[in-house]
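>
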Amino acid sequence: MRKQRSSEIRQTIAHEAARLMYDEGVDQYLDAKRLAAKRLFGRGGSQKLRYRPQDLPSNGEIKDALQELVQLVEGDLSQQRLFAMRVIAFETMNALEPFSPRLIGSVSTGHVRHGSDIDLHVFTEDIEEIEAYIRQKGWHFKMRQVTIRVAGEYKDYTHIHCERVFPIELSVYSYYELRMTQRSSTDGQPIVRFKASVLEKMIAEEHSQEWEFYLATGEIMGLEQFEAGGIIQL
Numbered sequence: 435m436r437k438q439r440s441s442e443i444r445q446t447i448a449h450e451a452a453r454l455m456y457d458e459g460v461d462q463y464l465d466a467k468r469l470a471a472k473r474l475f476g477r478g479g480s481q482k483l484r485y486r487p488q489d490l491p492s493n494g495e496i497k498d499a500l501q502e503l504v505q506l507v508e509g510d511l512s513q514q515r516l517f518a519m520r521v522i523a524f525e526t527m528n529a530l531e532p533f534s535p536r537l538i539g540s541v542s543t544g545h546v547r548h549g550s551d552i553d554l555h556v557f558t559e560d561i562e563e564i565e566a567y568i569r570q571k572g573w574h575f576k577m578r579q580v581t582i583r584v585a586g587e588y589k590d591y592t593h594i595h596c597e598r599v600f601p602i603e604l605s606v607y608s609y610y611e612l613r614m615t616q617r618s619s620t621d622g623q624p625i626v627r628f629k630a631s632v633l634e635k636m637i638a639e640e641h642s643q644e645w646e647f648y649l650a651t652g653e654i655m656g657l658e659q660f661e662a663g664g665i666i667q668l
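For the sequence shown, my numbering begins at 435 and goes up steadily by one.
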């Protein structure tokens with residue numbers, strides 16, 4: 435009975451955490467699960483919560499619940515969004531070719547939703563070089579420093595944020611880190627980095643009709659549905 439109760443609590447928290455990430459823009463799994471548990475089982479912070487730490491769902495469970503929610507709310511729109519984001523990622527990677535760009539995250543795995551961004555790793559020994567390169571292209575961007583734990587050590591990295599219909603985040607690394615394997619904060623598995631050529635093959639295989647239209651016309655089918663933000667010229 436206790437095991438069944440714990441499973442039900444985990445499921446309830448996972449679905450509420452997914453809703454918070456989708457509807458309210460909570461972007462970290464840990465924040466989402468804690469806030470979900472507090473809303474569901476605690477009032478005003480002074481009340482003792484009626485759940486145990488082991489009742490909190492894993493990041494993977496929340497991810498699965500989020501994908502169920504995306505499919506329920508967005509349906510076919512989710513696949514149209516995925517195609518558009520993959521093509522824009524491909525174009526951006528070609529534009530950033532001197533910096534060995536690699537695609538990671540939801541656009542590579544196919545788990546995109548409203549609010550998802552395009553995550554790219556780029557590599558250089560000189561931050562000013564890539565900054566000047568992007569500025570010369572006329573892209574509007576912002577830069578910020580992010581502290582990340584890598585191999586047990588905390589390091590500061592530069593992240594560059596720009597936008598072309600969808601948000602694009604460039605994480606800047608040194609060239610030697612191109613051969614290092616990072617692990618996902620979601621499931622602990624190694625992060626797979628896709629080259630532009632691998633992404634191109636994936637698009638051709640998984641979105642064949644839309645890709646053929648793009649190759650023939652240069653237009654991204656269905657992009658107008660998502661054009662609320664600015665467009666950078668690639």
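Just so it is clear, CB atoms sit at the ideal spot from N, CA and C, and this is done for glycine as well. Everything numeric in this text was worked out from a predicted model, so none of it was measured.
When we look at the beta-carbon of Asp553 and count the other beta-carbons within 10 Å, is it buried (16 or more) or exposed?
Under this definition Asp553 is a buried residue.
> On the DSSP bridge list, what partners appear for Pro601?
Answer is Glu597, bridged to Pro601.
> Does the beta-carbon distance from Ile568 to Ile594 come in below 8 Å?
In this structure, Ile594 lies closer than 8 Å to Ile568 by Cβ.
> How is Glu653 classed by DSSP in three states: helix, strand or coil?
Coil at Glu653, not helix or strand.
> Assign Asp560 to one of two classes, buried (16 or more other C-beta atoms within 10 Å of its C-beta) or exposed (fewer than that).
Exposed, because fewer than 16 other Cβ atoms sit within 10 Å of the Cβ of Asp560.
> What three-state label does DSSP hand Val580 in the structure shown?
Three-state DSSP puts Val580 in a strand.
> So is Ile582 buried or exposed if we call it buried at 16+ other beta carbons inside 10 Å?
Exposed is the call here.
> Taking buried to mean at least 16 other C-beta atoms within 10 Å of its own C-beta, is Met614 buried or exposed?
Met614 is exposed by the Cβ-count criterion.
> Per DSSP, what kind of secondary structure is His574 in: helix, strand or coil?
His574 falls in the coil class under three-state DSSP.
> Within a Cβ cutoff of 6 Å, which residues of the same chain sit near Leu490, ignoring the five residues on either side of it in sequence?
Only Lys467 meet the Cβ criterion.
> For Ile538, report the span of its alpha helix (DSSP H) as first-last.
Run containing Ile538: none in the alpha helix (DSSP H); it sits in the beta strand (DSSP E), Arg536 to Ile538.
> What would DSSP say about Gln445, mapped onto helix, strand or coil?
Of the three classes helix, strand and coil, the one that applies to Gln445 here is helix, per DSSP.
> Nearest-angstrom Cα distance between Arg547 and Leu464?
Distance between the alpha carbons of Arg547 and Leu464 is about 19 Å.
> Spatial neighbours of Gly459 within its chain, please: CB distance less than 8 Å, with the 5 preceding and 5 following residues excluded, ordered by chain position.
Contacts found: Gly549.
> Is Gln579 close to the ligand NAP? I mean its beta-carbon at under 7 Å from any heavy atom of the ligand.
Among the components of this structure there are no ligands whatsoever, and the ligand NAP is therefore not found.
> Alpha carbons only, please: which of Ile496, Arg520 and Gln501 is nearest the one belonging to Ser642?
Closest by alpha carbon: Arg520.
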